[in-house]
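Position 472 of the sequence shown, counting from 1, maps to 475 under my numbering, and the rest follow consecutively.
Note that CB positions come from ideal geometry on N, CA and C, so glycine has one too.
For clarity, every value in this text was computed on a predicted model and none was experimentally measured.
What follows is a set of notes on a single structure, which appears directly below.
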Amino acid sequence: MNERIEAVAEQLDLGLPLRHAFAQLGQAFYTEVSPRPLPDPYLVAVNSPLAGDLGLDPALLTSPAGVEAFTGNIPIAGSRPLASVYSGHQFGVWAGQLGDGRAILLGELPTPAGPQELQLKGSGLTPYSRMGDGRAVLRSSIREFLGSEAMWGLGIPTTRALCVTGSDAPVRREEIETAAVVTRVSPSFVRFGHFEHFSAREQYGELARLADDVIDRFYPECRATAKFAGNAYAALLEQVSERTAAMVAQWQAVGFCHGVMNTDNMSILGLTIDYGPFQFLDAFDPGHICNHSDEQGRYAYNKQPNVAYWNLFCLGQALLPLITDQELALAALESYKTVFPRELEARMRAKLGLADAQPEDRELIESILKLLAKDRVDYTIFWRRLSRHIAGEPAETVRDLFLQRVELDDWLARYLQRLGTGGLGSGGRDAAAELMLRTNPKYVLRNHLGELAIRQAKLKDYSGVQDLLTLAHAPFDEHPGHEDKAGFPPDWASHIEISCSS
Ligand code: AMP
Ligand code: MG
């Protein structure tokens with residue numbers, strides 16, 4: 004790509020009190036590298052509520068100087084740009100060294116919710132770019148921006164996105180596209196792959212430093228536990244297993260497919276990270292594969308829970324030199340097998356408006372999922388209509404979604420009977436409806452919605468992106484005037500092909 008622009012020497016002082024905990028790990032963990040400028044950047048989208056939470060003035064972000072700064076064209080005062088090194092298993096195969104090939108960490112901001120790292124993604128070549136160009140295209144940057152905010156709005160642990168800037172600089176993918184930079188925000192971008200990297204190289208000093216740092220900053224309780232004979236690294240593995248289990252349970256319950264669950268795309272904090280070919284299900288198809296590049300279906304929707312466990316196993320192996328006892332490592336991983344089903348059942352019960360747990364609930368959940376799969380019913384619309392039915396609307400809106408009406412009626416009867424004994428307290432059905440309407444979103448970021456906003460954005464109209472951000476932040480609200488975005492996907496939606504190319 005033609006990168007004619009010279010870096011501007013001056014700095015932009017945004018008054019950000021940036022700190023650098025990750026950099027303090029030492030040189031083995033990263034390379035200092037400056038973002039490479041892009042010509043004539045423009046603002047594509049800004050997440051004003053998040054800016055506010057970070058203590059950033061949204062007006063500064065949207066100013067010409069702010070746009071230059073968050074494109075990487077002007078250094079932000081106090082930043083210390085670096086790309087970190089990690090390795091990982093990709094599609095089940097050890098891939099060796101990867102690293103931030105197109106992401107650059109600027110530093111971290113203290114916030115009331117703890118330190119938040121700022122990272123530019125798509126800001127140019129790094130020592131870890133391998134065959135890549137260090138860039139991200141507009142299409143995938145908008146998807147990451149909206150995807151992460153949609154997950155946040157749904158209450159699912161995720162990295163966040165502050166803004167997207169674009170440039171008309173050409174970027175070659177299957178066709179020529181244009182460049183963009185998304186600013187991501189997270190307490191940490193450390194992945195399972197960071198641990199695998201130092202473990203595979205037998206750099207056990209660095210491995211311990213990384214694990215100690217993650218424990219000190221994010222899992223201090225691991226030092227205090229008497230569990231695992233006081234082994235803090237085993238406790239860390241258990242904590243990460245539990246957080247990952249809880250996250251994947253939420254993915255499954257809302258119908259989210261990540262698409263590329265490689266170990267380098269697994270957050271050590273149990274956050275959804277690296278939004279590539281992700282998708283929220285339209286029709287319920289348990290074997291759905293959202294990543295066009297995933298020919299074997301390794302990361303199909305219904306494989307996600309097992310893949311997460313497989314990935315945790317890789318993390319366990321990486322931590323073994325610190326844990327030292329294989330039995331302890333296996334015991335720490337065991338927690339996944341209890342936490343995942345427990346969390347999933349809890350999520351599914353909430354979707355059904357059930358406030359307490361009964362032994363028959365599992366069957367109730369499994370049988371409706373079977374029916375949804377049989378008739379390929381739209382997942383989001385089903386749950387929302389069921390919620391509205393419990394809130395008082397006729398059952399017809401639910402029945403209309405199914406071909407297997409007899410089976411559905413039988414299920415509905417059993418479900419309503421269960422609701423009646425559902426431990427709902429004095430609120431009864433109203434309480435169930437209330438729980439369901441804040442558990443089952445009206446709006447999810449379906450592929451075709453993102454696609455329409457992206458087409459508009461390519462014509463430099465960014466209003467569609469901003470509209471979807473509003474819906475993403477409040478997906479349980481009604482949003483009159485946006486009904487079209489809560490409807491069935493158009494026929495062409497099933498032909499959208501999203502691959503790893505981004
Ligand atoms: P991903 O599949 O996006 O998680 O990327 C896997 C690895 O490839 C990571 O190390 C990325 O930094 C790197 N990568 C992906 N796309 C590019 C690109 N266009 N330029 C440089 N590195 C890239
Ligand atoms: Mg990645």
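Short note on N294: C-beta not closer than 7 Å to any heavy atom of the ligand MG. A check of alpha carbon separations from L121 across L28, L112, T129, A235 identifies L112 as the nearest.
Not a single heavy atom of the ligand MG lies less than 7 Å from the C-beta of D219.
The Cβ atoms of S170 and P78 do not sit closer than 8 Å to each other. Under the three-state reduction of DSSP, A360 is assigned to coil, being neither helix nor strand.
The segment 188-195 makes no contact with the segment 290-309; the number of CB pairs closer than 8 Å stays below 3.
According to the DSSP secondary-structure assignment, V36 is paired through a beta bridge with no residue. By the CB criterion at 8 Å, P397 and K445 fall outside the cutoff.
In the structure shown, C317 adopts helical secondary structure according to DSSP, grouped into three states. Taken through DSSP and simplified to helix, strand or coil, G110 comes out as strand. Under the DSSP assignment, C293 falls outside any beta strand (DSSP E); it carries neither an H nor an E label. In chain order, E209 place their CB closer than 6 Å to the CB of A31, counting only its own chain and leaving out the 5 sequence neighbours on each side. Around the CB of A62, fewer than 16 other CB atoms lie within 10 Å, so the residue is classed as exposed. Shortest gap from the CB of N268 to any heavy atom of the ligand MG: under 7 Å. Per DSSP, D103 lies in no alpha helix (DSSP H) and is assigned neither H nor E. Within the same chain, and ignoring the five residues on either side of K488 in sequence, the residues whose Cβ sits closer than 7 Å to its Cβ are Y446, L452, L474.
Within the segment 388-475, complete alpha helix (DSSP H) segments of at least 4 residues are found at 399-402, 408-423, 431-440, 450-461, given in chain order. Not a single heavy atom of the ligand MG lies less than 7 Å from the C-beta of D297.
Counting other Cβ atoms within 10 Å of its Cβ, Q14 stays below 16 and is therefore classed as exposed.
Relative to the non-hydrogen atoms of the ligand MG, the Cβ of D277 comes within a distance shorter than 7 Å of at least one.
Not one heavy atom of the ligand AMP is found less than 7 Å from the C-beta of C260. Beyond the five residues adjoining it in sequence on each side, A353 comes within less than 7 Å, by CB distance, of L438, T442 in the same chain, given in chain order. Secondary structure note for K488: it is in no beta strand (DSSP E), with a DSSP letter that is neither H nor E. The count of Cβ pairs closer than 8 Å, one atom from the segment 263-275 and one from the segment 357-366, stays below three, leaving the stretches out of contact. In terms of Cβ geometry, L141 and A456 do not form a close pair [threshold 8 Å].
Look at the beta carbons and you see the segment 271-280 touching the segment 161-179: at least three pairs across the two are nearer than 8 Å. Taking the C-beta atoms as reference points, P84 is found nearer than 8 Å to P38. Boundaries cannot be given for Y302, as no beta strand (DSSP E) includes it and DSSP labels it neither H nor E. DSSP places Q255 within a helical segment (H, G or I) once states are collapsed to three. When the Cα atoms are used, M250 and S189 turn out to be separated by approximately 16 Å. The DSSP-derived three-state label of L149 is helix. Distance from the CA atom of L322 to the CA atom of D464, rounded to whole angstroms, is 48 Å. Here G18 carries a coil assignment [DSSP, helix/strand/coil]. Contact between F73 and L64 holds, since their C-beta atoms are separated by about 7 Å, short of 8 Å.
Note on V257: 16 or more other CB atoms within 10 angstroms of its CB, so buried under the neighbour-count rule.
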